[in-house]
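**Student:** The structure's right below; bear with me while I get my questions together.
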Amino acid sequence: MDCSLVRTLVHRYCAGEENWVDSRTIYVGHREPPPGAEAYIPQRYPDNRIVSSKYTFWNFIPKNLFEQFRRVANFYFLIIFLVQLIIDTPTSPVTSGLPLFFVITVTAIKQGYEDWLRHKADNAMNQCPVHFIQHGKLVRKQSRKLRVGDIVMVKEDETFPCDLIFLSSNRGDGTCHVTTASLDGESSHKTHYAVQDTKGFHTEEDIGGLHATIECEQPQPDLYKFVGRINVYSDLNDPVVRPLGSENLLLRGATLKNTEKIFGVAIYTGMETKMALNYQAKSQKRSAVEKSMNAFLVVYLCILISKALINTVLKYVWQSEPFRDEPWYNQKTESERQRNLFLKAFTDFLAFMVLFNYIIPVSMYVTVEMQKFLGSYFITWDEDMFDEETGEGPLVNTSDLNEELGQVEYIFTDKTGTLTENNMEFKECCIEGHVYVPHVICNGQVLPESSGIDMIDSSPSVNGREREELFFRALCLCHTVQVKDDDNVDGPRKSPDGGKSCVYISSSPDEVALVEGVQRLGFTYLRLKDNYMEILNRENHIERFELLEILSFDSVRRRMSVIVKSATGEIYLFCKGADSSIFPRVIEGKIDQIRARVERNAVEGLRTLCVAYKRLIQEEYEGICKLLQAAKVALQDREKKLAEAYEQIEKDLTLLGATAVEDRLQEKAADTIEALQKAGIKVWVLTGDKMETAAATCYACKLFRRNTQLLELTTKRIEEQSLHDILFELSKTVLRHSGSLTRDNFSGYSNRLSADMQDYGLIIDGAALSLIMKPREDGSSGNYRELFLEICRSCSAVLCCRMAPLQKAQIVKLIKFSKEHPITLAIGDGANDVSMILEAHVGIGVIGKEGRQAARNSDYAIPKFKHLKKMLLVHGHFYYIRISELVQYFFYKNVCFIFPQFLYQFFCGFSQQTLYDTAYLTLYNISFTSLPILLYSLMEQHVGIDVLKRDPTLYRDVAKNALLRWRVFIYWTLLGLFDALVFFFGAYFVFENTTVTSNGQIFGNWTFGTLVFTVMVFTVTLKLALDTHYWTWINHFVIWGSLLFYVIFSLLWGGVIWPFLNYQRMYYVFIQMLSSGPAWLAIVLLVTISLLPDVLKKVLCRQLWPTATERVQRGMKHKAPVQAAQSSDGPLLKDLLRRPRRS
């Protein structure tokens, strides 16, 4: 029997039909299709339960443990713990097991509590009541019991319980309004449309008698895409087939507004809804600090293995003398003598691994996670980054990249809505070469002529007058604006007939600006009712146009069209879009005059759109209908087929005119870019706008300066000259000055603003970029890219215009994976910026007017572009300084901890005798030294906040992972080795042959180890105190409190006989050590000697080779240290700290 057939049948039976076909068929109301219509195939779909929790009561422990032990550090310590249990090791299993148990338990409790909260939320959601239609009657049941195919009724202000196809509403036009704030953060009302053939079903009986099937795509997470079709069966006729798109789909989580009730059929339920599919996390980004940390861990693991190997070899060299291997007081048993030598050596190697394993800091991971999580609140608490106008503050979607904010080398920013306000104002329109400006002011008075004024020397002819009115009608009809009637809206926009106010709502601010602008020129868009668009002309007559088709806007076509039918029966196609999209499709009209005006407006920084039209005869329209219908009902490649259909329809147009809209620059955008450039960060603008408009904006925001020489790499130039020649010519131009301008990403800005330096700016468009990225015929695809990158590195700023969303991501990826591997940041506010935000190392969304898709998909979100300055130059700088010290300090203190243990083996015959007591081994990283570094990593401010904002060049001091380079890492490691030598040999020489107690008793090995440990704890804590610049009462409490806790613990641990201990080797040891004068002398002397080299190094470096930051610190101390400390205490810690002092 064919096994593949069996496997297919089993899969179909067990997994359900939807897992093996590309589309699904839904039977509305679970009614079978009429006999002979189509085969009835019952399908199984999941119920409507939402499960956001990760664990259940039964799988929590095994699943959580599995996830935690996937981390390398946790797994490593588990292996060490198991080795301690299996073989005879010098330290108790408690020393590894207790810290590991502590880390695992704390993490499990945190994750368990979070999951319990998710379970509660899931239960509340799954048990909420839902109304659905059964046998023509309204029935109520729990949400979790909904099934695909159920017809659901939703009332106003209720949320949709699953993804529904909109069948009908109480509105006569079959529309409803919804808000999707819980899905994408957009609070504006969106209009959805019922299926044309079911919108008349208003009662439960009507809707219960509906006989239809729906074919649609399988569930996928894109909130804005849906492809399907509905077959509506009548009594005898063939089924009516209607296309279904995202405008017919009501998503789970959205809320019904301004509509009494709607009916819909469930198509995706439970974990197949788009909301649930969007629960899945984005791909994990890793910071440069985390990569450095992992590299350092590998080095320390190699050191650990080397130590264990050296000690194992030396042990057997030591025991090669018979009297050392088997002394008279410790005779071996017969079984020990006969043990395999290699097995003994391997066991000893494992024992030494256990003895030295504390060099790997297991608690560092926990501390780093806590530091990132708690530190991220400083951004959300920052009052300077709160925008009063919008009521929005910054958001942190991931805390894993905090320190990456201090390492940014390239910023890729969108223009519209990011650098500009996305607050459009209609400035003028050009019709047939004549310019119209609404409400022209003359001698301080607004001219009464509502149609504006002709700015050219002649008025339009009769034919021109007809074209003028056609242009205004095109602007009134070619859009997707909704009209909201509201008498109480601030600043109502009254229609000219004195009727009620009209408030225009649209997802695109451009469309609202155009409709409002043409209203001031005499034509008012009133409403869309029963598929008829109503406009009010200059004579206050209402004109009605039947809306036949909408050819929607998309970022690839960069245009939209409508097909309308006038009251006289004439059919028009009106098309509106970017000049690059409209001009190639135009065959008639005053193209040259309009093109000249468009280019002039673009140079002034205005956003331009062109308007064209075409008259259609009935036969042409019928052909278009068939073409569109075939594309719309396609389930496969619908978007591609629609694009091909639009391409055929939108051609042979007549150009009517163009519009100009102003988008003002955001507040302090220029200051922000200037500060970022001073910080050594290269700023690139990636926009879909035309070159002239984008270049004008770049000059306004100081990205380009007056002395900037612009280099163009555009399609227009490529048509005149080959790409190869242009690239080599540009390369020669920019590299001619390479002697004076270094190509390093950060040093190239030191003299950026000086007049004698040549400053280059590059402008490239999307088509030219495609040619550069395209593989060459000889297969050498990388040559042009490398040459392009070389040119870009030598330019202070780059403008990429006419960019498609994927091209934006391509540019980011190109720089991200170039040979320097710079840290990239992408910032934008719209859905078209999501791809580059996800591609960059750090993605920042601006909470703007184009919805919240960018903010939802970003790592961080800010209200305005100006807040980027503080986020990088202050927060990013602090985060990096703090975590780099944390990482280096952890490795340093663990070298100090374990190296004396290594040295001790040379004095105990490599017997694996431990130097420290079990309690000290266990608590060193957990209690004695953990809290000071955690507080340091949260609060340290090496310079004031105001200083960092005032002097952006300080950002360069930490650039390119400066504090975690190998040179710095080796210094910290060598410092730890030196301190360990001082601890060990200092204590050794102080107590050598010395009777130190009153009764002549000599210190034993536990006293010696305790002395070394005491010196070590004081040294590593005081080392951190010396590194601290920003002192608060919390720092004092934690640092001195940790030392006091160690002393009190040691007194109690050695001063009390604990009943739960089998033996107490530390009894009275600490007290006896402190009763000795030499011990006190040794502690003071050794701590001083240990700290001295680091102090000397700091003093010499600050005097001879000071960094910019150290020069600023010195200047602050000379001026007014107290005042500087108070002024820099900004909103980061305003409520937490009082009266800080800088050291």
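Mapping of the sequence shown onto the numbering used here: position 70 corresponds to residue 70, and the numbering continues sequentially without gaps. The C-beta atom is built at its ideal place from N, Cα and C for all residues, glycine as well.
(1) Is it the case that the Cβ atoms of alanine 658 and threonine 715 are separated by a distance below 7 angstroms?
(2) Since I believe arginine 31 is in contact with cysteine 162 (beta carbons under 8 angstroms), could you give me their beta-carbon distance rounded to a whole number of angstroms?
(3) Does DSSP classify serine 450 as helix, strand or coil?
(4) Is DSSP giving asparagine 745 helix, strand or coil here?
(5) Which residues mark the beginning and the end of the beta strand (DSSP E) in which phenylalanine 402 is found?
(6) Is it buried or exposed for tyrosine 224, if we count other Cβ within 10 angstroms and need 16 for buried?
(7) Between the Cα of cysteine 792 and the Cα atoms of Glu839, Asn59, Leu727, which residue gives the shortest distance?
(8) Below 8 angstroms, can you find three or more Cβ-Cβ pairs linking the stretch 587-599 to the stretch 654-673?
(9) Just confirm the distance between the C-beta atoms of glycine 828 and valine 846, as a whole number of angstroms; I'd bet it's less than 8 angstroms.
(10) Where do the ends of the beta strand (DSSP E) carrying methionine 691 lie?
(11) Report the option in Gly830, Ile763, Pro221 whose CA atom is closest to the CA atom of alanine 797.
(12) Decide if isoleucine 441 is buried, meaning its Cβ has at least 16 other Cβ atoms within 10 Å, or exposed.
(13) Under DSSP, the beta strand (DSSP E) around leucine 210 begins and ends at which residues?
(14) Smallest Cα separation from leucine 470: which of Val483, Arg538, Thr213?
(15) For arginine 950, does the count of other Cβ atoms within 10 angstroms reach 16, so buried, or fall short, so exposed?
(16) Output the boundary residues of the alpha helix (DSSP H) element that contains tryptophan 381.
(17) In its own chain, which residues sit with a C-beta less than 7 angstroms from the C-beta of leucine 374, not counting the 5 before and 5 after it?
(18) Is cysteine 128 helix, strand or coil by DSSP?
(19) Within its chain, find whatever has a CB closer than 6 angstroms to the CB of aspartate 859; leave out the 5 residues flanking it on each side and keep chain order.
(20) Just to check my reading of the structure: asparagine 126 and glutamine 142 have Cβ atoms closer than 8 angstroms, yes? What is that Cβ distance to the nearest angstrom?
(21) Tell me where the beta strand (DSSP E) around glycine 228 begins and ends.
(22) Whole angstroms are fine: how far does the CA of alanine 694 sit from the CA of alanine 669?
(23) Cα separation between isoleucine 881 and aspartate 1027?
(24) Is it the case that the stretch 599-607 contacts the stretch 627-645, given that we only count it when at least three CB pairs across the two stretches are under 8 angstroms?
(25) Report the rounded CA-to-CA distance for tyrosine 113 versus glutamate 67, giving the unit in angstroms.
(26) Please classify tryptophan 116 as buried or exposed, where buried requires at least 16 other C-beta atoms within 10 Å of its C-beta.
(27) Does DSSP put glutamine 1072 in a helix, in a strand, or in coil?
(28) So, does the CB of asparagine 48 fall closer than 7 angstroms to a CB anywhere in chain D?
(29) May I have the straight-line CA-CA distance separating glutamate 449 from valine 518, to the nearest angstrom?
(30) How would you call proline 492, buried or exposed, if buried means at least 16 neighbouring beta carbons within 10 angstroms?
(31) List in chain order: all unbroken alpha helix (DSSP H) runs of 4+ residues lying wholly within the stretch 876-955.
(32) Quick check: isoleucine 359 and isoleucine 898, are their CB atoms within less than 7 angstroms of each other?
(33) Where DSSP assigns a beta bridge to methionine 533, which residues make up the other side?
(34) Can you give me the C-alpha to C-alpha distance between tyrosine 1030 and phenylalanine 878, rounded to a whole angstrom?
(35) Which residue from Thr1032, Leu787, Val154, Ile104 puts its Cα closest to that of asparagine 64?
(36) Go through its chain and collect everything with a Cβ distance to glycine 498's Cβ below 6 angstroms, but skip five positions before and after it.
**Tutor:** Taking the geometry as given:
(1) no
(2) Actually they do not touch by this definition, with Cβ atoms about 19 angstroms apart.
(3) Legend: pLDDT at serine 450 = 38, less than 50; position of this residue unreliable, value from coordinates given subsequently. Looking at serine 450 - three-state DSSP - the assignment turns out to be coil, as it is neither helix nor strand.
(4) In this predicted model, asparagine 745 has a pLDDT of only 42, less than 50, meaning its place in the structure is not dependable enough to derive any value.
(5) One point to set straight first is that residue 402 is asparagine, not phenylalanine, in the sequence displayed. That residue, asparagine 402, is in no beta strand (DSSP E); it is neither H nor E in DSSP.
(6) Burial state of tyrosine 224 is exposed, judged by a 10 Å Cβ sphere holding fewer than 16 other Cβ atoms.
(7) Leu727
(8) yes
(9) Confirmed, about 7 angstroms.
(10) No beta strand (DSSP E) contains methionine 691, which is instead part of the alpha helix (DSSP H) from 691-700.
(11) Ile763
(12) With a pLDDT of 36 at isoleucine 441, under the threshold of 50, the modelled position of this residue cannot be trusted, and the question is left open.
(13) Counting along the chain, leucine 210 sits inside no beta strand (DSSP E), nor does DSSP assign it H or E at all.
(14) Arg538
(15) exposed
(16) From DSSP, tryptophan 381 is part of no alpha helix (DSSP H); its letter is neither H nor E.
(17) The residues Leu938, in chain order, have a CB closer than 7 angstroms to that of leucine 374 in the same chain once the five nearest residues on each side in sequence are set aside.
(18) coil
(19) Annotation for aspartate 859: Asn397, Thr398, Leu401, Val842, Gly843 place their beta carbon closer than 6 angstroms to its own, counting only its chain and skipping 5 residues before and after.
(20) Yes, they are in contact, since the Cβ atoms of asparagine 126 and glutamine 142 sit about 7 angstroms apart, within 8 angstroms.
(21) 228-232
(22) 14 angstroms
(23) 11 angstroms
(24) no
(25) 16 angstroms
(26) exposed
(27) Residue state, collapsed to three classes: helix.
(28) The structure shown has no chain D; it contains just one protein chain.
(29) Low local confidence applies: a pLDDT of 42 at glutamate 449 is under 50, so the model's placement there is unreliable, with the coordinate-based value given in what follows. Their backbone Cα atoms lie some 13 angstroms apart in a straight line.
(30) Low confidence applies here, because proline 492 scores a pLDDT of 35, under 50, leaving its location unreliable; read the following figure in that light. By the 10 Å Cβ count, proline 492 comes out exposed.
(31) 877-904, 918-923, 930-939, 945-950
(32) Contact: yes.
(33) Leu528, Phe545
(34) 12 angstroms
(35) Ile104
(36) Interpretation of glycine 498 is limited by its pLDDT of 42, a score under 50 that renders its predicted location unreliable; the figure taken from the coordinates is listed afterwards. No residues qualify anywhere along the chain.
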